[in-house]
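Below is one structure; the comments refer to it alone.
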Ligand SMILES: [Zn+2]
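Numbering (the UniProt record's numbering), first residue to last: 1 to 396.
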């Protein structure tokens, strides 16, 4: 039986509204999941994240494995207790981070940048069928992560949802490489499930990850392979393409192949406003992305402004004298307190922590309302009109 109860489906798209039930509680879907990469949503208290309307956060297996280590977190009764977030947690597998060290991120590749390099991200020493040997970015020590390691770490963290360890296929590789890499991901999926079957917490849901790059037949085959396993949910990962239309097409291949599958679907690493709207229409239930919190740390606020990709750069000189809030009528702590763009710009330019916190709160509040509005629209049968209004610049 699926952990996701679908309450209503949108007749005009693949969107569905539902409730995902996991050990620590319920997640209203479709939902955005903020990143608590290293055991905290950067700058915020757990209760602030909950007050914004979030039911679940995402912890990062790779980073927590390196520091402070899964054993220490287990000593504190798991990640929920350690970080004081007693609602659902999903943990990623570490695959994306481990392979990003070797290949660079998709963004690096698309922009022609070299991978971040040894100083920032450590270094891959060897990749083989067993897993990945790499040098820690923290202390330079040699570490290993494979399917069993990842599942063991996630078991110790005690997350409600664990993701299987996959080979995150880079963007600029040929079809042959993608095919071989995707097959390895499927073999690793079986090893993850076998480990979890023997040793994992019963209550923990395990999601498989679909790979296959931007090749339709490989994506569809990967989706079918993953869906054929006894996974609790299905995540879509890897390279989704360089441009948004291609990304929507790739996601659409996967969700079309899952048309009659009621298990929850997660889209990894996607969180722009227009992508969330389209992802919901394509039948995605949960999303995670560094975007809202990372933008906040860089002085960028999310705003209903499609021409500027829903972004306002508050550090710009044009805001110096602005007495306007980031967004009129926004109930977030920054806007509802009446903080002006001029004040926020000053804080951000001077790297005052308060500025970063206020912007992070605003950005996460924006996406929480966006998703709540999409859920209400699906339930009320008005998704098409609601999505059109949002795309035209309506406030969420
Ligand atoms: Zn606001």
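Glycine included, each C-beta is placed from N, C-alpha and C at the ideal position.
Considering only their Cβ atoms, is the gap separating residue j from residue i smaller than 9 Å?
i, j, result
"residue 250", "residue 226", "no"
"residue 311", "residue 43", "no"
"residue 153", "residue 144", "no"
"residue 205", "residue 59", "no"
"residue 409", "residue 7", "Nothing in the structure corresponds to residue 409, since the chain is present only between 1 and 396."
"residue 213", "residue 273", "no"
"residue 136", "residue 66", "yes"
"residue 268", "residue 55", "no"
"residue 94", "residue 40", "no"
"residue 340", "residue 323", "yes"
"residue 29", "residue 286", "yes"
"residue 87", "residue 50", "yes"
"residue 237", "residue 96", "yes"
"residue 374", "residue 387", "yes"
If you drop the 5 nearest sequence neighbours on each side, which residues of the same chain put their C-beta closer than 6 Å to that of residue i?
i, result
"residue 294", "none"
"residue 15", "280, 281, 378 and 383"
"residue 395", "304"
"residue 283", "14 and 255"
"residue 130", "146"
"residue 300", "311 and 313"
"residue 102", "124"
Under a Cβ-count criterion, where at least 16 other Cβ atoms within 10 Å of its own Cβ denotes burial, should residue i be classed as buried or exposed?
i, result
"residue 139", "exposed"
"residue 148", "buried"
"residue 83", "buried"
"residue 308", "exposed"
"residue 368", "buried"
"residue 76", "exposed"
"residue 298", "exposed"
"residue 126", "exposed"
"residue 296", "buried"
Cβ-heavy atom distance between residue i and ligand 1 below 8 Å?
i, result
"residue 332", "yes"
"residue 336", "yes"
"residue 365", "yes"
"residue 325", "yes"
"residue 319", "no"
"residue 362", "yes"
If residue i and residue j are in contact, beta carbons under 8 Å, what's the gap, nearest whole angstrom?
i, j, result
"residue 361", "residue 332", "5 Å"
"residue 334", "residue 353", "13 Å between Cβ atoms; not a contact."
"residue 326", "residue 303", "6 Å"
"residue 233", "residue 266", "6 Å"
"residue 46", "residue 85", "4 Å"
"residue 207", "residue 163", "5 Å"
"residue 347", "residue 292", "The pair is not a contact, with the Cβ atoms about 18 Å apart (cut-off 8 Å)."
"residue 306", "residue 392", "7 Å"
"residue 57", "residue 89", "6 Å"
Residues in the same chain with beta-carbon distance under 7 Å from residue i, minus the five sequence neighbours each way, listed in chain order, please.
i, result
"residue 239", "106, 169, 170, 171, 213 and 214"
"residue 99", "167 and 168"
"residue 355", "344, 347 and 348"
Enumerate in chain order the residues of its own chain whose CB-to-CB distance from residue i is below 8 Å, with the five nearest sequence positions on each side excluded.
i, result
"residue 338", "325"
"residue 1", "none"
"residue 235", "163, 207, 208, 209, 210, 265, 266, 267 and 268"
"residue 397", "Outside the shown range of the chain (1 to 396) lies residue 397, about which nothing can therefore be said."
"residue 247", "240, 241, 270 and 275"
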